[in-house]
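In what follows, a single structure is set out as structure tokens and then discussed.
Protein chains in written order, with the numbering used here: chain A, 15 to 208; chain B, 15 to 208.
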């Protein structure tokens, strides 16, 4: 079965390809680089699953293939679960990771250590040409520290220490991160259901 | 009975003085300007009531008088109730109302009109020298528009159209606003309980 992964992130394609090779070897993954003139999907929903479904439905519409998509971000308890779906543009749509990290640290500056909990969350979905869909979630719980540490990963990784670790998710290796990450968990669960 | 209002905002003192004159004429309100060397209270709680109680307890400790305090902000539904207690420093602790308004508009740029609901919320409290306290809340529901309008009020008023109005809370008069505002409602309810 050929399945589209509706993302332009080559790292995600590699990661999911590895997971599927074990869990669902009958699936052949197609990346967006193999699709001509693929349109950008606006992420207008208020939930990760809502945005992932938008992207996957666009994939089905454009290619006719079953399509996998994901949406993820960081949900900080002291901010009632925000930045959430706005994680990538928390400091504004024209700002970068550094600005997002700086704003989050500033907003949490008065929040004591024991209340700086949160989790990275990923919704992964597959939509089939007949309209059926499967939605799963993965989480990586941990806490937000007070200064960025580490150069791996991206986004809020330098600010986040996963439960069970003393290092941030930007200080552990990619293998360590994939084993515990929200996206790794969600993709592995989705793979078992395809 | 002499009661301290723990705020440096002269407008709040006037507003509460007017409300108390009707609802609790036996109360004589004292402003912070009448108190020497009054310390700043850090607002470190995650709720409006928590911060208002911090401020009122500091007032009792410093003056021995029953002390009224309040904390308020805007709770936007699409942001899970944030900016909330961070309303005054949403864009960062060194930023101003204009930066806060610009960031909120940017974060909500993809949120459709019917989901741009929210409310201004005020927690008003009184703490007595024996440690007893009374906590009340007032709300002003409405919606966040896409561009600032009006020069009255402060904070997020130019972005907020209260339910039942076509004008923003920065376009209506101070009298109209006091009649419907979160702070007016909370102060009036508190006055009836003193």
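Ideal placement from N, C-alpha and C gives every residue a C-beta, glycine not left out.
With 16 or more other Cβ atoms inside 10 Å of its own Cβ, residue 62(B) counts as buried.
In the DSSP annotation of this structure, residue 157(A) is not part of any alpha helix (DSSP H); the continuous beta strand (DSSP E) holding it starts and ends at 147-158.
Residues are counted here when their Cβ sits less than 8 Å from a Cβ of chain A; for the segment 52-67 of chain B these are 56, 57, 58 and 60, given in chain order. With fewer than 16 other Cβ atoms inside 10 Å of its own Cβ, residue 48(A) counts as exposed. Shown here, residue 18(B) sits in a strand according to DSSP, grouped into three states. When 205(B), 200(B), 206(B) and 16(B) are compared, the shortest CA-CA separation from residue 84(B) is found for 200(B). In this model, residue 55(A) and residue 21(A) are separated by some 10 Å (Cα to Cα). For residue 201(A), the enclosing alpha helix (DSSP H) has its first and last residue at 196-207. For residue 94(B), the C-beta contacts it makes with chain A under 8 Å involve 93, 94, 95, 96 and 98, in order along the chain.
Against chain A, the beta carbon of residue 106(B) has neighbours under 7 Å at 117 and 120, listed in chain order. Taking 9 Å as the cut-off between beta carbons, none of the residues of the segment 155-173 of chain A comes near chain B. For the pair residue 17(B) and residue 41(B), the CB atoms are nearer than the 7 Å cut-off. For residue 64(A), the uninterrupted alpha helix (DSSP H) segment begins and ends at 62-77.
Taken atom to atom, the span from the alpha-carbon of residue 157(B) to that of residue 207(B) is near 30 Å.
Taking the Cα of residue 104(B) as reference, the smallest distance to any Cα among 108(A), 97(A) and 127(A) is reached at 97(A). At a cut-off of 7 Å between C-beta atoms, residue 124(A) counts as an interface residue with respect to chain B. Listed in chain order, the positions of the segment 19-44 of chain B with a beta carbon within less than 7 Å of a beta carbon of chain A would be empty, since no residue qualifies. Taking a Cβ-Cβ cut-off of 8 Å, the neighbours of residue 129(B) in chain A comprise 60, given in sequence order.
Here residue 43(A) carries a strand assignment [DSSP, helix/strand/coil]. One Cα belongs to residue 120(B), the other to residue 100(A), and the distance between them is close to 10 Å. As computed with DSSP, residue 133(A) is found in a beta bridge with 89(A) and 155(A). Rounded to whole angstroms, residue 76(A) and residue 53(A) show a C-alpha spacing of 8 Å. Cβ neighbours of residue 178(B) within its own chain (closer than 7 Å, five residues either side excluded): none. Residue state for residue 28(B) is assigned as helix, using DSSP reduced to three classes. A direct Cα-Cα distance of roughly 28 Å separates residue 34(B) from residue 59(B).
Spatial neighbours of residue 114(A) in its own chain (CB-CB distance under 8 Å, excluding positions within 5 residues in sequence) are listed in chain order as 97, 101, 102, 103, 104, 105, 169 and 170. Note that the C-beta distance between residue 139(A) and residue 66(A) is below 7 Å. Within the DSSP secondary-structure output, residue 83(A) pairs in a beta bridge with 139(A).
Residue burial annotation: residue 187(B) is exposed, with fewer than 16 other C-beta atoms found within 10 angstroms of its C-beta.
Beta-bridge partners of residue 174(A) (DSSP): 158(A). Here residue 180(A) is exposed, its C-beta having fewer than 16 other C-beta atoms within 10 Å.
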